Amino acid sequence: MQVDGKGNFLSRFIGLLHVPDQASQLNIDYDPDNAPGQIDVEESHRPHAANAPVDLDDVDRARSPAPPDLPSDPWDPTGHVHTVLVPSIASPHAVGVPPPHLPPPTTQQGGGGGGDAELRIDVTYQSGGDQDDVRVVQLNVLRSDDTITSDGSPPAWPDHHAPDFQFVQHTAAEAMPDAYAHTDLTSPESIIATLTDLGAHSSGHGPQTLQEGMVIDGKSVDPNSPLPTDPTTLIPTMPTDHHANMAVVESGGNLSTNFGGIANDNGQDGTLLVLGDSYKSNAIVQTNVLVDQSFITGTTENASIHTGGDAASNVAQFVQTLDQNPYTMGFFGGLHWHVDTVQGDFYDIKLATQYNYMTDNDLVQQNATDHYKFVETGGNEQGNELVAYNLNSEHYDLIVVTGNSYSANWIFQTNVLLNSNYVSVDAGPGGAGQETVVTGNNWTSNEAQITDFSGPGHALTPEMKAVADALANHDTSLDGNAGLAIPGNGSDTLNVLFINGNYYDLNVLQQTNVVNNTDTVQQTLSNGESGYVMAGGNSLTNQAIIIDVGSTGGQYVGGQQYSDSVLVQTNIIAQSSTVQSSGQTGGPITTNDPSHLAPEAAAIIQHDAPSQPAPDPTPVPPAHETVTHSTDPLSSVLA
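If you use the working numbering, the sequence shown corresponds to residues 335 to 973, in order.
Here's what the structure looks like:
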């Protein structure tokens, strides 16, 4: 079966030009005790109350008795409760449950003739297996290029030479690791090709387990560490008293957000047997490119200028709880096996792309006298929100794959912001009062978490291979020793998914915010009127979480095993400011000399005074290796 030939193809388009406050304020809790609680899971997976004391009727019905009350359990993979979950015949699949021992198959005395009766496992077969192929694209494009004049006729606008926006975007693209640079993240075929290529060029390491931990801007920190603060909260409060002698201009303050969550438990099983090769990859790639350029001039006598103060931050967390599972899976597999067979490949695919593009290039002229005036050309908002999870999916104690297994949990986040402003504040007749100008305090932020509930990888044992071969032949009766080779769930029934092909488990979130805020503001204050200009304060945020519940009992692979866990975090911040005034200036002023910046930052700052000629619009891009690249490959085996 080809991926594109499947019938249950889903494509969505969602555009929100204005994001509700609650959507833009969504936060991801990076506490590993609470992280999985971010997204609701099936009711059947919620904690079950402890069973009543052992009832002899349970044994009479050939059901394994429930264990007695157990003490509090400090190990809880889901983070919902801190008590041991006890399995029942109605819900034998609770994650993290130590199933009770069933007696191993033994030779029993036959009646009458005194011969031996061998213990056998009966097997039934049927077609089944719920597959998912979900692909979501959310795209917003907003253009807010405004021109406002006070007297109705356009003034002589000053020359404002901003950095080339396409070059700024190219700089962000250069930060993508080569291994993923040419991958179409909306195509399963392209993702699979990348996984295969990664495995072919690996350094030959065996399966690697995902290391838990939180990383902020390339540094490992305690998971309870505070998250980076939002610099837009430090912007002086905008005057709102309509009775004041005040002129206000807001040309910044734009908001662009993405929130995405994938909770995938379709592949939840006790044990995964792969007769071919296994490719497993967990990756978070985060990139921020923030360019802030300001030129401020005027003749006011009392001014408070706020430039710089920008921030870019990346927060990433990996959670791999089942790697430390203390419950050994060595229990008898049961006497009754139910097998769902799939002829061909099996697809469990969730691919989501969220993209925001905004241009807010404004020309504002404001002549103010003796009253309150307010002009807002910024404050635009756009965002995407997505939560995808499985409903009523079948869970299996054993999955057998005759081909290869491909598993990817990938999050790619990119923010690109160009904030280039020219602000002129002049004093008219009667002079000007207090002036406040804010061109900085911009923020680009990425937050991502991958929670992988999967056991470690092992080599396929001969006993497991024999079981797989018997199921491939549709044997209806197995030797009792098969129950010793395959871990059970604590009952006498084992649910099996048999895939005659490859197994694709792909969860990918791609989030991008691109904002160009280039403004020219000319403000004239007369008769002692005060002024306020806010041309910065833009905020770009990506938040993503993937929860993948896989083979809790581990996977056993007959061929080659490839596994990686990769984190790449990149921040490029370029700030420059020039302040010229014939009057007195005061307040915090941040001036950054581009010649003192890193090469990639200096290359994208093309700051010129209005009287100077425009720079070359086609500068030479920096080499990829010169990009500020804070990398923390937790367990990478990339060549």
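Don't be surprised by glycine CBs; every beta carbon is placed ideally from N, CA and C. Here the structure is a predicted model, which means the values were calculated and not measured.
message: Just to confirm my understanding: we take Ile526, look at its own chain, exclude 5 residues before and 5 after, and list those with CB closer than 6 Å. What are they?
response: Within the sequence shown, the letter at position 192 stands for residue 526. Within the same chain, Ile526 has close Cβ partners Tyr740.
query: Which of helix, strand or coil does DSSP assign to Leu532?
result: In the sequence shown, the residue the question calls residue 532 occupies position 198. The answer is helix: DSSP assigns Leu532 an H, G or I state.
message: Using 8 Å as the threshold, is the C-beta distance between Ala515 and Thr748 below it?
response: Stepping through the sequence shown from its first residue, residue 515 is reached at position 181. Stepping through the sequence shown from its first residue, residue 748 is reached at position 414. No; because the gap between Cβ atoms is not below 8 Å, this pair is not in contact.
message: Which residue marks the beginning of the alpha helix (DSSP H) containing Asp512, and which one marks its end?
response: Stepping through the sequence shown from its first residue, residue 512 is reached at position 178. Per DSSP, Asp512 belongs to the alpha helix (DSSP H) from Asp512 to Ala515.
Three-state class that DSSP yields for Gly767 in the structure shown: Along the sequence shown, one-based indexing puts residue 767 at 433. In this structure, Gly767 counts as strand in the three-state DSSP scheme.
- prompt: Ordered along the chain, which non-local residues of its own chain (more than five positions away) have a Cβ less than 6 Å from that of Thr858?
  reply: For the purposes of this step, residue 858 is taken as the residue at position 524 of the sequence shown. The residues are Asn701, Asp760 and Gly762.
task: Just the C-alpha distance for Asn841 and Leu529, rounded to the nearest angstrom, thanks.
output: The residue you call residue 841 lines up with position 507 of the sequence shown. The residue you call residue 529 lines up with position 195 of the sequence shown. Cα to Cα, the separation comes out at about 13 Å.
task: Leaving aside the five residues before and after Gly822 along the sequence, list all residues of the same chain whose C-beta is less than 8 Å from its C-beta, in chain order.
output: Here the question's residue 822 lines up with position 488 in the sequence shown. Closer than 8 Å at Cβ, skipping near neighbours: Pro433, Leu436, Gly604, Phe665, Phe666, Gly667, Gly668, Asp731 and Leu828.
query: What residue range is occupied by the uninterrupted alpha helix (DSSP H) comprising Gln894?
result: Within the sequence shown, the letter at position 560 stands for residue 894. Unbroken run through Gln894: none, as it is neither H nor E.
- prompt: Per DSSP, Gly789 is paired with what?
  reply: The sequence position of residue 789 within the sequence shown is 455, counting from 1. None, per the DSSP bridge assignment.
C-beta atoms of Thr481 and Leu751 nearer than 8 Å: Counting from one through the sequence shown, the residue named residue 481 turns up at place 147. Counting from one through the sequence shown, the residue named residue 751 turns up at place 417. The answer is no: Cβ separation not under 8 Å.
message: Between which two residues does the beta strand (DSSP E) holding Glu728 run?
response: Here residue 728 refers to the residue found at position 394 when the sequence shown is read from its first residue. Segment: none, Glu728 is in no beta strand (DSSP E) and carries neither H nor E.
task: Grab me the residues of Leu831's own chain with a C-beta within less than 6 Å of its C-beta, minus the 5 sequence neighbours each way, in chain order.
output: Locating residue 831 in the sequence shown gives position 497, counting from the first residue. Closer than 6 Å at the Cβ level, and outside the excluded window around Leu831, lie Gly463, Asp674, Tyr730 and Ile733.
- request: Just the C-alpha distance for Thr770 and Asp626, rounded to the nearest angstrom, thanks.
  value: Along the sequence shown, one-based indexing puts residue 770 at 436. Along the sequence shown, one-based indexing puts residue 626 at 292. The straight-line gap from Cα to Cα measures roughly 18 Å.
- prompt: Could you give the residue range of the beta strand (DSSP E) that holds Gln503?
  reply: In the sequence shown, the residue the question calls residue 503 occupies position 169. Counting along the chain, Gln503 falls outside any beta strand (DSSP E), though it belongs to the alpha helix (DSSP H) covering Phe499 to Glu508.
- request: Using the Cα positions of Asp786 and Pro492, report the straight-line distance between them to the nearest angstrom.
  value: Translated into positions along the sequence shown, residue 786 becomes position 452. Translated into positions along the sequence shown, residue 492 becomes position 158. Their backbone Cα atoms lie some 55 Å apart in a straight line.
message: Taking the straight line between their C-alpha atoms, what separation do you get for Ser811 and Asp839?
response: In the sequence shown, counting from the first residue as 1, residue 811 sits at position 477. In the sequence shown, counting from the first residue as 1, residue 839 sits at position 505. Each residue's Cα considered, the two are about 31 Å apart.
query: Using the C-alpha atoms, what's the distance from Asn905 back to Tyr691?
result: Taking the sequence shown and counting its residues from 1, the one referred to as residue 691 is at position 357. Taking the sequence shown and counting its residues from 1, the one referred to as residue 905 is at position 571. Taking the straight line from one Cα to the other gives about 20 Å.
task: Specify whether the segment 763-782 and the segment 562-576 touch according to this definition: at least 3 beta carbon pairs, one from each stretch, less than 8 Å apart.
output: yes
message: Just to confirm before moving on: does the CB-CB distance between Tyr756 and Thr854 stay below 8 Å?
response: Against the sequence shown, residue 756 aligns to sequence position 422. Against the sequence shown, residue 854 aligns to sequence position 520. A contact, by the Cβ cut-off of 8 Å.
- request: Could you tell me whether the segment 577-594 touches the segment 865-872, using the rule of 3 or more Cβ pairs below 8 Å?
  value: yes
message: Please report the straight-line C-alpha distance between Asn851 and Thr591, rounded to a whole angstrom.
response: What you label residue 851 is simply residue 517 of the sequence shown in a count that begins at 1. What you label residue 591 is simply residue 257 of the sequence shown in a count that begins at 1. So the two alpha carbons sit approximately 16 Å from each other.
task: Could you tell me if Gly678 is buried or exposed, where buried requires 16 or more neighbouring beta carbons within 10 angstroms of its beta carbon?
output: Residue mapping note: residue 678 aligns to position 344 of the sequence shown, counting from 1. With fewer than 16 other Cβ atoms within 10 Å, it is exposed.
query: Looking at C-alpha atoms only, which residue of Thr641, Asp599 and Pro796 is the closest neighbour of Glu728?
result: On the sequence shown, position 394 is the one that residue 728 refers to. Residue Asp599 is the option with its Cα nearest to Glu728.
- prompt: Buried or exposed: where does Gln877 fall if 16 or more other Cβ atoms within 10 Å of its Cβ makes it buried?
  reply: As a first step, residue 877 is located in the sequence shown; it is residue number 543 there, counting from the start. Burial call: buried.
- request: Could you spell out where the alpha helix (DSSP H) holding Asp839 opens and where it closes?
  value: Locating residue 839 in the sequence shown gives position 505, where the first residue counts as 1. Note, Asp839: premise wrong, no alpha helix (DSSP H); beta strand (DSSP E) at Tyr837 to Ser860.
field: Beta carbon of Gly610 nearer than 8 Å to that of Asn738
entry: Mapped onto the sequence shown, residue 610 falls at position 276. Mapped onto the sequence shown, residue 738 falls at position 404. Contact: yes.
message: If distances are taken between C-alpha atoms only, which option among Asp466, Ser758, Leu818 and Phe746 comes closest to Asp594?
response: Numbered from 1 along the sequence shown, position 260 holds the residue referred to as residue 594. Inspection of the sequence shows that residue 594 is occupied by Gly rather than by Asp. Among Asp466, Ser758, Leu818 and Phe746, the Cα nearest to that of Gly594 is on Phe746.
- prompt: How far does the beta strand (DSSP E) with Leu476 in it reach, from first residue to last?
  reply: Counting from 1 along the sequence shown, the entry for residue 476 is found at position 142. Here the beta strand (DSSP E) through Leu476 covers Asp466 to Arg477.
- prompt: On the three-state DSSP scale, how would you describe Asp564?
  reply: If you number the sequence shown from 1, residue 564 lands on position 230. Asp564 falls in the coil class under three-state DSSP.
query: Hey, how far is the Cα of Pro522 from the Cα of Ser478?
result: Within the sequence shown, residue 522 is the residue found at index 188, counting from 1. Within the sequence shown, residue 478 is the residue found at index 144, counting from 1. Between Pro522 and Ser478, the C-alpha separation is close to 36 Å.
First through last residue of the beta strand (DSSP E) which encompasses Met868: Reading the sequence shown from its first residue, position 534 is the one you call residue 868. Run containing Met868: Glu863 to Met868, per the beta strand (DSSP E) assignment.
message: Between which two residues does the beta strand (DSSP E) holding Leu831 run?
response: Position 497 of the sequence shown, counted from the first residue, corresponds to residue 831. Looking at the DSSP string, the run of the beta strand (DSSP E) that includes Leu831 is Thr827 to Asn834.
task: Determine the closest residue to Gln914 out of Gln856, Ile630 and Gln620, with distance taken between C-alpha atoms.
output: Here residue 914 is taken as the residue at index 580 of the sequence shown, counted from 1. Here the closest residue by C-alpha is Ile630.
- prompt: Where in the segment 552-597 do unbroken runs of the beta strand (DSSP E), each at least 3 residues long, occur, reported from the N-terminal end onward?
  reply: 553-555 and 580-584
- request: Would you identify the three-state DSSP class for Ala490, choosing helix, strand or coil?
  value: Numbered from 1 along the sequence shown, position 156 holds the residue referred to as residue 490. If DSSP states are grouped into helix, strand and coil, Ala490 belongs with coil.
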